[in-house]
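What follows is one structure encoded as structure tokens, with my remarks underneath.
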Amino acid sequence: MGGAVSAGEDNDELIDNLKEAQYIRTELVEQAFRAIDRADYYLEEFKDNAYKDLAWKHGNIHLSAPCIYSEVMEALDLQPGLSFLNLGSGTGYLSSMVGLILGPFGVNHGVELHSDVIEYAKQKLDFFIKTSDSFDKFEFCEPSFVTGNCLEISPDCTQYDRVYCGAGVQKEHEDYMKNLLKVGGILVMPLEEKPNHADSGKSRLVHLPPVAVRSLQDLARIAIRGTIKKIIHQETMSKNGNGLKNPPRFKRRRVRRRRMETIVFLDKEVFASRISNPSDDNNNSEDLEEERREEEETKPSELKPDPPVNFLREKVLSLPLPDPLKYYLLYYREK
Numbered sequence: 128m129g130g131a132v133s134a135g136e137d138n139d140e141l142i143d144n145l146k147e148a149q150y151i152r153t154e155l156v157e158q159a160f161r162a163i164d165r166a167d168y169y170l171e172e173f174k175d176n177a178y179k180d181l182a183w184k185h186g187n188i189h190l191s192a193p194c195i196y197s198e199v200m201e202a203l204d205l206q207p208g209l210s211f212l213n214l215g216s217g218t219g220y221l222s223s224m225v226g227l228i229l230g231p232f233g234v235n236h237g238v239e240l241h242s243d244v245i246e247y248a249k250q251k252l253d254f255f256i257k258t259s260d261s262f263d264k265f266e267f268c269e270p271s272f273v274t275g276n277c278l279e280i281s282p283d284c285t286q287y288d289r290v291y292c293g294a295g296v297q298k299e300h301e302d303y304m305k306n307l308l309k310v311g312g313i314l315v316m317p318l319e320e321k322p323n324h325a326d327s328g329k330s331r332l333v334h335l336p337p338v339a340v341r342s343l344q345d346l347a348r349i350a351i352r353g354t355i356k357k358i359i360h361q362e363t364m365s366k367n368g369n370g371l372k373n374p375p376r377f378k379r380r381r382v383r384r385r386r387m388e389t390i391v392f393l394d395k396e397v398f399a400s401r402i403s404n405p406s407d408d409n410n411n412s413e414d415l416e417e418e419r420r421e422e423e424e425t426k427p428s429e430l431k432p433d434p435p436v437n438f439l440r441e442k443v444l445s446l447p448l449p450d451p452l453k454y455y456l457l458y459y460r461e462k
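Residues in the sequence shown are numbered from 128 upward in steps of one, following this note's numbering.
Okay, structure coming up:
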């Protein structure tokens with residue numbers, strides 16, 4: 128499934144297309160989609176297709192189309208502090224975006240059938256935490272993944288505010304899925320009418336991670352990072368006066384002028400030859416010259432903006448603290 132919107136040149140353009148087509152409708156969902164580059168969850172040799180609105184599968188690794196994920200994120204009506212269960216969590220792409228909205232006091236669990244995909248998801252999560260500047264712009268609810276069949280979850284598991292199942296759920300399992308949900312919660316899943324008689328093999332009960340209280344160290348880190356963010360915000364407000372952000376810069380879409388030719392009709396017959404307007408060549412040269420002048424005049428505003436500065440990271444590294452403490456505040460990132 129997919130193909131509902133045009134392909135983008137990069138992650139931001141893909142999100143722009145999803146917004147324009149009303150698949151992304153809320154600011155929270157938009158921020159989460161922009162914060163995580165979809166291409167980071169592709170294998171290197173397939174990244175050329177990352178910004179197309181298409182599903183991708185390689186072996187057991189699978190990503191749904193962007194339009195599907197955006198519809199799911201909007202339907203879940205996510206809010207900070209909620210608990211979320213992702214059945215068939217795959218690469219962890221969706222779970223990580225959800226974690227950006229849930230914040231540090233939410234719950235973010237995933238169940239995935241294939242152990243190799245679980246390992247892949249953990250690698251991608253580690254890469255995001257250690258390398259993405261977006262990580263420092265949010266208070267993150269880190270997802271936890273367990274291996275197992277989502278139809279064999281232990282009956283004594285906790286219930287969740289939000290549940291998503293990406294695979295088709297048979298009508299006979301509808302109540303089972305609903306039982307994973309808290310009263311007033313939201314369940315998003317594709318429901319199929321055809322019965323499933325496939326044998327799932329040897330049954331093994333799936334135990335989900337416990338809902339644990341954060342350690343004092345974690346709470347301290349969250350509080351310190353939050354305080355530093357407030358200081359940075361106040362400093363930015365002071366520098367900018369009214370605190371208004373600079374308008375975003377957009378890449379200029381270049382419009383190619385097409386050379387028009389004339390087809391001559393004579394006595395209801397069409398001559399195969401085409402007669403060019405004598406001024407075409409001159410007009411073409413003038414168009415190219417005009418385009419060159421426009422590019423020169425608007426060049427400063429059309430340059431792709433510099434990568435955003437990670438102010439939190441810079442501030443932490445500038446503090447008079449021991450290096451181990453700095454790295455702890457930055458989740459052990461390297462300089």
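No residue lacks a Cβ here, since even glycine has one placed at the ideal position from N, Cα and C. Fair warning: this is a prediction, and the values are worked out from it, not measured in the lab.
Check                                                                                                                                                              : Outcome
Starting from the N-terminal side, write out each stretch of the beta strand (DSSP E) that is 3 residues or longer and does not extend beyond the segment 294-359. : 308-315
For the putative contact between I359 and L456, defined by C-beta atoms under 8 Å, what is the C-beta separation to the nearest angstrom?                          : Not quite, the Cβ-Cβ distance comes to about 13 Å (not below 8 Å), so this is no contact.
Quick check: the segment 308-318 against the segment 334-348, are at least 3 beta-carbon pairs closer than 8 Å?                                                    : no
When the Cβ atoms of the segment 242-254 are set against those of the segment 270-281, are three or more pairs found closer than 8 Å?                              : yes
Does the Cβ of P193 have 16 or more other Cβ atoms within 10 Å, making it buried, or fewer, making it exposed?                                                     : buried
Hey, how far is the Cα of L190 from the Cα of L181?                                                                                                                : 9 Å
By DSSP's criteria, R289 is part of a beta bridge. Which residues make up the other side?                                                                          : F211 and I313
From which residue to which residue does the beta strand (DSSP E) around V234 run?                                                                                 : V234 to E239
Do L214 and C277 have their CB atoms nearer than 8 Å?                                                                                                              : yes
From the DSSP output, which residues share a beta bridge with T274?                                                                                                : E239
Under the assumption that P231 contacts I142 (Cβ atoms under 8 Å), give the Cβ distance between them as a whole number of angstroms.                               : At roughly 25 Å, the Cβ-Cβ gap does not stay under 8 Å, so P231 and I142 are not in contact.
Opposite K184 in the DSSP bridges: which residues?                                                                                                                 : H189
How many angstroms separate the CA atom of A202 from the CA atom of K305?                                                                                          : 16 Å
Just to check my reading of the structure: R440 and D263 have Cβ atoms closer than 8 Å, yes? What is that Cβ distance to the nearest angstrom?                     : 6 Å
If we call anything under 8 Å between Cβ atoms a contact, is A131 one with A148?                                                                                   : yes
So which of A294, T258 and D204 has the shortest CA-CA distance to L229?                                                                                           : D204
From which residue to which residue does the alpha helix (DSSP H) around L145 run?                                                                                 : N138 to E147
Looking at C-alpha atoms only, which residue of N176, E154 and F438 is the closest neighbour of L227?                                                              : E154
Using DSSP with H/G/I as helix, E/B as strand and the rest coil, what is I256?                                                                                     : helix
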